[in-house]
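K.L.:
Residue numbers (my numbering): 4 to 122.
So this is what it looks like as structure tokens:
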């Protein structure tokens with residue numbers, strides 16, 4: 004059993020949790036002890052990841068992979084205030100791509116296009 008979680012695993016936890024998975028389900032799926040999943044969720048609850056997801060449209064439009072990408076974007080910006088992060092990101096989901104547009108200063112934008120790993 005791992006003693007700490009890498010960013011990829013954390014992204015999956017965020018995604019699964021946002022999609023309504025129980026701690027036990029996440030634990031079984033990722034083969035991580037439930038206590039570790041619980042601790043990670045509690046530890047990160049306040050840094051905005053889990054609060055951000057419902058604001059951005061939540062699990063209705065996004066799946067685990069999408070949410071992982073989103074979690075990574077949020078992680079890179081976690082020193083910013085939640086409202087500021089919200090204003091930085093626009094998400095556009097089409098059938099086979101997820102485009103996360105990060106708005107930079109002076110109206111410049113950079114868009115992360117993530118090809119979904121399934122048709």
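Even glycine gets a Cβ: it sits at the ideal position worked out from N, Cα and C. Here the structure is a predicted model, which is why all the values come from computation and not from measurement.
According to DSSP, is residue 25 helix, strand or coil?
P.N.:
For the purposes of this step, residue 25 is taken as the residue at position 22 of the chain shown. Correct three-state label for residue 25: coil.
K.L.:
Take residue 41 and list the residues in its own chain whose beta-carbon comes closer than 8 Å to its own, dropping the five residues that flank it on each side.
P.N.:
Here residue 41 is taken as the residue at index 38 of the chain shown, counted from 1. Here the set comprises 26.
K.L.:
Quick check on the burial criterion: 16 or more other C-beta atoms within 10 angstroms. Buried or exposed for residue 12?
P.N.:
Stepping through the chain shown from its first residue, residue 12 is reached at position 9. Classification of residue 12: buried, given that the 10 Å Cβ count is 16 or more.
K.L.:
What does a CB cutoff of less than 7 Å around residue 37 pick up in its chain, not counting 5 residues either side in sequence?
P.N.:
Counting from 1 along the chain shown, the entry for residue 37 is found at position 34. Counting only Cβ-Cβ distances below 7 Å, and skipping sequence neighbours, we find 26, 27 and 30.
K.L.:
Rounded to a whole number of angstroms, what is the C-alpha to C-alpha distance between residue 15 and residue 39?
P.N.:
What you label residue 15 is simply residue 12 of the chain shown in a count that begins at 1. What you label residue 39 is simply residue 36 of the chain shown in a count that begins at 1. In a straight line, the C-alpha of residue 15 is about 14 Å away from that of residue 39.
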